[in-house]
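My numbering puts the first residue of the sequence shown at 704, with every later residue one more than the last.
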Amino acid sequence: DTDEQRRQALQQMGGAQKRQYEAWREQLLGSLAYTEALIDFGEDADDVTTAALRHAVEQVGDLRGQMRRRLADGGRGEVVREGVRVAILGPPNAGKSTLLNELAQRPAAIVSPSAGTTRDVVQVTLELGGLPVLLSDTAGLRRDSDDPIEMQGMLRAASEANQAQLELWVFDARAPPEASSDLDAAAAVAMIEGSDEALGDGGSGGSRADGAASVAEGGGADRLLVLNKVDLIERGPEGVSAPPTAAVLASGLVPPERLFALSCATGEGVPGFLAALGKLVQAPQRP
Ligand SMILES: Nc1nc2c(ncn2[C@@H]2O[C@H](COP(=O)(O)OP(=O)(O)OP(=O)(O)O)[C@@H](O)[C@H]2O)c(=O)[nH]1
Ligand SMILES: [Mg+2]
């Protein structure tokens with residue numbers, strides 16, 4: 704690599720990593736200078752220079768061990784630096800912003816009974832399972848919008864989904880997803896009619912082609928499905944009804960351990976969901 708490339712790469716790194724790599728570089732250069740000097744004056748090698756050479760060799764061996772361990776930690780350093788990116792996605796009015804506020808334990812996002820409340824991406828950072836999490840609330844995805852601002856919001860939602868390691872899909876338990884396209888932000892955005900106009904606003908900077916490409920690259924993120932508002936599910940005469948999760952499980956859209964039924968209003972099911980989420984962000988798996 705050129706010096707310029709190295710400088711740029713270091714610039715993009717967080718402080719801790721940068722210090723680590725710079726320290727390695729210094730040590731390597733030191734050992735190299737030492738070894739070169741020893742070679743130059745090799746003729747009059749004595750016990751001192753032999754011991755010094757052994758020291759340099761040991762130091763390089765030790766560095767190699769450190770680098771191996773660093774490479775073997777599977778990019779955890781990256782996650783520790785930037786936080787796990789989690790995007791909250793789903794149809795309007797499902798309770799996405801309510802869930803964000805619940806997780807953040809503060810009213811970070813506006814909540815209202817009218818569909819289409821959130822347009823901009825609202826982000827909070829929190830700690831889950833001991834790791835920093837960058838949680839993004841997004842505009843509700845729907846196919847029949849004719850509001851250019853709402854459409855712009857949906858494009859931002861899809862772009863957020865694209866960058867997330869974990870997609871947190873939230874649905875009203877009374878209207879669960881039915882097809883895999885219901886859990887696909889890029890597909891939802893591709894359906895938006897007249898998304899040219901929405902894109903033309905310059906928010907995501909560019910032509911329809913750019914926008915479509917940037918959302919089409921997505922996929923591959925881990926996915927969780929939350930059925931919210933279970934408090935509104937009609938209970939049968941004996942107080943029981945088919946669990947809202949049954950239909951979704953039957954459709955095989957997500958495996959059982961990725962499906963949660965809860966109510967942000969009553970708190971029912973929230974602790975279990977939080978515990979599972981904490982575990983998942985520690986070990987996000989790409990399917
Ligand atoms: N009964 C009940 N109402 C809820 C629950 N969670 C959220 N709500 C209500 O549902 C409405 C919509 O909530 P929001 O959090 O704004 O929904 P959203 O998904 O962010 O909606 P958009 O921003 O429009 O996409 C609000 O009136 C909330 O108070 C719940 O568990 N039970
Ligand atoms: Mg919202």
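Positions of the beta carbon are idealized from the N, C-alpha and C atoms, including for glycine.
Examine ligand 1 and report whether any of its heavy atoms sits within less than 6 Å of the Cβ of Gly-970. Placement of the Cβ of Gly-970 at a distance of 6 Å or more from every heavy atom of ligand 1 is found.
So for Thr-801, helix, strand or coil by DSSP? Helix, per DSSP.
For Val-957, the nearest candidate out of Arg-773, Leu-935 and Pro-879 (CA to CA): Selected option, being the one with the closest Cα: Pro-879.
Inter-residue spacing [alpha-carbon to alpha-carbon] between Leu-935 and Pro-974: Answer to the nearest angstrom: the Cα atoms are 19 Å apart.
Taking the C-alpha atoms as reference points, what is the distance between Gly-832 and Gly-768? Computed Cα separation, rounded: 29 Å.
Excluding sequence positions up to five away, which residues of its chain have a Cβ less than 8 Å from the Cβ of Glu-971? Short of 8 Å from the beta carbon of Glu-971, and not among the five residues preceding or following it, lie these beta carbons of its own chain, in chain order: Val-933, Asp-934 and Leu-965.
In chain order, what residues of the same chain lie with their CB nearer than 6 Å to the CB of Asp-743, ignoring the 5 residues before and after it? Result list for Asp-743: empty, nothing under 6 Å.
Would you grab the beta carbon distance between Val-827 and Leu-792 for me? Rounded to a whole angstrom, and I think it's under 8 Å. Contact doesn't hold; Cβ gap of about 16 Å is too wide.
Specify the secondary structure class of Thr-828 as computed by DSSP and reduced to three states. Looking at Thr-828 - three-state DSSP - the assignment turns out to be strand.
Contacts around Ile-852, its chain only, beta-carbon distance under 7 Å, and the 5 residues preceding and following it disregarded: Counting only residues of its own chain and dropping the five nearest sequence neighbours on each side, Ile-852 has a CB closer than 7 Å to the CB of Arg-822.
Any heavy atom of ligand 2 within a distance shorter than 6 Å of the CB on Ser-800? Yes, the beta carbon of Ser-800 sits closer than 6 Å to at least one heavy atom of ligand 2.
Selected residue, minimal CA-CA separation from Ala-842, among Leu-806, Pro-794 and Arg-771: The shortest C-alpha separation from Ala-842 is found at Pro-794.
Output the distance between the C-alpha atoms of Arg-961 and Leu-928, rounded to the nearest integer angstrom. Answer to the nearest angstrom: the Cα atoms are 6 Å apart.
Count the other CB atoms within 10 Å of the CB of Gly-856; is the residue buried (16 or more) or exposed (fewer)? Label assigned to Gly-856: buried.
Rounded C-alpha distance that separates Leu-980 from Ser-815: Between Leu-980 and Ser-815, the C-alpha separation is close to 25 Å.
So if DSSP puts Trp-727 in a beta bridge, which residue, or which two residues, is it bridged to? Bridge partners of Trp-727: none, in fact.
Same chain only: Cβ atoms within 7 Å of Leu-766, ignoring 5 sequence neighbours per side: Closer than 7 Å at Cβ, skipping near neighbours: Trp-727, Gln-730 and Leu-731.
Element boundaries [beta strand (DSSP E), containing Arg-877]: Where Arg-877 is concerned, there is no enclosing beta strand (DSSP E), given that its DSSP letter is neither H nor E.
For Asp-791, the three-state DSSP class (helix, strand or coil): Position check: residue 791 holds Ile in this sequence, whereas Asp was assumed. In the structure shown, the three-state DSSP call for Ile-791 is strand.
Do Leu-837 and Asp-925 count as a contact pair if the criterion is CB distance below 7 Å? For Asp-925 and Leu-837, no; Cβs fall outside 7 Å.
Taking the alpha helix (DSSP H) that Ser-954 falls in, what are its first and last residues? Per DSSP, the unbroken alpha helix (DSSP H) holding Ser-954 starts and ends at 948-954.
What are the residues that DSSP puts in a beta bridge with Ala-964? In DSSP, Ala-964 forms a bridge with Leu-930.
Contacts around Ser-734, its chain only, beta-carbon distance under 7 Å, and the 5 residues preceding and following it disregarded: Correct list, in chain order: Ala-759, Gln-762 and Val-763.
Is DSSP giving Ser-839 helix, strand or coil here? Under the three-state reduction of DSSP, Ser-839 is assigned to strand.
What distance in whole Å lies between the Cβ atoms of Arg-938 and Met-894, which are believed to be in contact at a cut-off of 8 Å? Taking the Cβ atoms as the reference, Met-894 lies roughly 35 Å from Arg-938, outside the contact range of under 8 Å.
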